[in-house]
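S.K.: Please see the structure below; I have some questions.
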DNA sequence: GACCTCGGTTACCGCCAGTAACCTACCGGC
DNA sequence: GCCGGTAGGTTACTGGCGGTAACCGAGGTC
């Protein structure tokens with residue numbers, strides 16, 4: 019036989035190369051965590067869904083926390099890529115902020131699973147803080163471009179965190195209102211924030 | 019004997035009335051959760067710290083989740099009381115927003131434990147959403163007072179959530195910068211948000 | 001054909017949430 | 001002064017799950 023489309027798929031028995039198994043497990047884990055929450059998801063069930071046994075999972079990810087962390091990292095990378103692309107597509111700082119904000123809201127609206135993963139507190143608060151900081155840093159840089167010389171750097175930082183959080187908060191709101199048009203909501207936030215940001219110019 | 023100050027304290031043996039034990043456990047639980055996180059805190063240790071055994075805890079709070087929920091509720095009540103008092107002390111809507119915001123930041127800065135409890139995601143996301151919604155509702159009402167008639171109610175709601183989240187985000191920032199003067203930070207946020215809010219008047 | 005490696009399995013441990021059954025000091029009624 | 005009910009508490013257990021040690025067998029390599 020040797021069907022041409024099967025070049026990736028036909029490993030003998032259940033045996034599968036490491037990186038493939040890794041990706042498979044990550045994807046299954048993401049949906050499992052989303053379904054059952056961190057505590058509710060069991061490594062046993064993840065293994066079962068992948069058609070293997072527990073120690074396989076532990077071989078690839080040191081611990082349940084490690085596995086979860088890897089899932090979160092994957093989400094973060096996707097989000098960062100989306101935003102960064104949107105921002106780079108514009109040149110005027112204000113347009114960049116709008117574009118970045120829209121990309122953020124779009125991501126949140128379309129990847130609730132990923133977002134829920136990121137904001138699952140507890141031991142992962144550290145990781146969440148990392149995301150927020152790097153995002154705020156991005157915003158801060160945008161603002162610094164348009165800010166006057168003498169601006170207090172702390173004030174810029176605070177404003178950047180506030181802007182970031184505002185978008186995040188509205189993303190939460192959107193899940194309760196899926197009928198709301200994304201572009202309009204993003205616009206509302208921009209309209210709310212930009213007047214206050216002009217103060218820096 | 020019968021020392022006058024001991025009228026509250028001398029129960030025979032270890033036996034203590036239900037509501038007293040309840041309060042004691044709540045307080046111990048709050049600090050235990052803060053120390054070890056939700057998963058890391060064990061009911062056994064809580065019981066040990068209170069000088070009792072596990073089933074006592076389970077008698078008063080149905081489950082670990084129930085206990086945690088009760089801790090969160092306590093924090094929420096304290097926060098709501100603080101903010102509500104601060105807001106009621108002013109009459110002009112703008113001053114109310116400033117006062118409420120300051121009270122919020124103050125609370126967050128001084129009660130990190132309580133706040134960490136509230137934002138410990140997972141199964142408790144529901145509860146967290148509740149807090150945010152009711153807080154946003156408070157802000158929305160303030161804004162509605164100063165908003166023009168024809169304003170889109172959804173836009174008001176979105177803005178209220180954005181404002182609330184902005185303060186929350188800055189609270190996170192403050193823990194990393196304890197040296198920052200609270201009043202000034204609160205002012206920075208107000209200065210950032212109010213220009214955009216004037217749009218509604 | 002001997003050997004190594006890699007993906008995988010079986011069978012176990014310890015910890016902890018949650019529970020069933022029991023125990024006993026006190027209090028009110030007679 | 002006895003007696004039963006109750007409220008606060010204990011002992012001892014179960015089940016589930018994260019994590020691990022030890023082993024196993026199919027292929028490729030020399």
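Residue numbers (my numbering), protein chains in the order written: chain A, 19 to 219; chain B, 19 to 219.
Even glycine gets a Cβ: it sits at the ideal position worked out from N, Cα and C.
(1) Which of the three DSSP states is assigned to residue 76/B in this structure?
(2) Under the assumption that residue 43/B contacts residue 75/B (Cβ atoms under 8 Å), give the Cβ distance between them as a whole number of angstroms.
(3) Is residue 207/B close to chain A, meaning its C-beta is less than 8 Å from at least one C-beta of that chain?
(4) Taking 8 Å as the CB-CB cut-off, is residue 104/A touching chain B?
(5) Using a cut-off of 7 Å between C-beta atoms, extract the partners of residue 133/A located in chain B.
(6) What number of angstroms, rounded off, separates the C-alpha of residue 116/B from the C-alpha of residue 48/A?
(7) Name the residue from 189/B, 32/B, 209/B and 34/B whose alpha carbon lies nearest to the alpha carbon of residue 123/B.
(8) Is it true that the segment 77-87 of chain A meets the segment 160-173 of chain A, where meeting means three or more beta-carbon pairs spaced less than 8 Å apart?
(9) Anyone know if the C-beta pair for residue 153/A and residue 90/A falls short of 8 Å?
(10) In or out: residue 158/A buried (at least 16 other Cβ within 10 Å) or exposed?
(11) List the residues of chain B that residue 211/A touches, going by C-beta distances under 7 Å, in chain order.
(12) Please return the same chain residues whose Cβ sits closer than 7 Å to the Cβ of residue 160/B, not counting the five positions on each side in sequence.
(13) Are the beta-carbon atoms belonging to residue 184/A and residue 192/A less than 8 Å from one another?
(14) Which of helix, strand or coil does DSSP assign to residue 143/B?
(15) Tell whether a beta-carbon distance below 8 Å holds between residue 204/A and residue 97/A.
(16) Thinking C-beta only, is residue 50/A closer than 8 Å to residue 59/A?
(17) Rounded to the nearest angstrom, what separates residue 137/B and residue 219/B at their Cα positions?
(18) Under 9 Å, CB to CB, which of the residues in the segment 47-75 of chain B have a partner in chain A?
(19) What did DSSP end up calling residue 99/A once you bin it into helix, strand or coil?
(20) By DSSP, does residue 112/B sit in helix, in strand, or in coil?
(21) Do you know offhand how far residue 34/A's Cα is from residue 105/A's?
M.R.: Concretely, from the data shown:
(1) Residue 76/B: helix per DSSP, three-state reduction.
(2) With 8 Å as the limit, residue 43/B and residue 75/B qualify as a contact, their Cβ atoms being about 6 Å apart.
(3) Chain A has a Cβ within less than 8 Å of the Cβ of residue 207/B.
(4) So, not an interface residue.
(5) At a C-beta separation below 7 Å, residue 133/A has no neighbours in chain B, since its nearest C-beta there lies roughly 11 Å away.
(6) Cα-Cα distance, rounded: 41 Å.
(7) When only C-alpha atoms are compared, the closest one is 189/B.
(8) No contact exists between the segment 77-87 of chain A and the segment 160-173 of chain A.
(9) No, these two residues do not count as a Cβ contact at 8 Å.
(10) Classification for residue 158/A: buried.
(11) Within 7 Å Cβ-Cβ: 214.
(12) Here the set comprises 111, 114 and 115.
(13) For residue 184/A and residue 192/A, no; Cβs fall outside 8 Å.
(14) Helix, per DSSP.
(15) No; because the gap between Cβ atoms is not below 8 Å, this pair is not in contact.
(16) Closer than 8 Å, so yes.
(17) Distance between the alpha carbons of residue 137/B and residue 219/B is about 33 Å.
(18) So the list reads 55, 56, 57 and 58, given in the order they occur along the chain.
(19) In the three-state DSSP reduction, residue 99/A falls in the helix class (H, G or I).
(20) Helix at residue 112/B.
(21) Straight-line Cα distance between these residues: approximately 39 Å.
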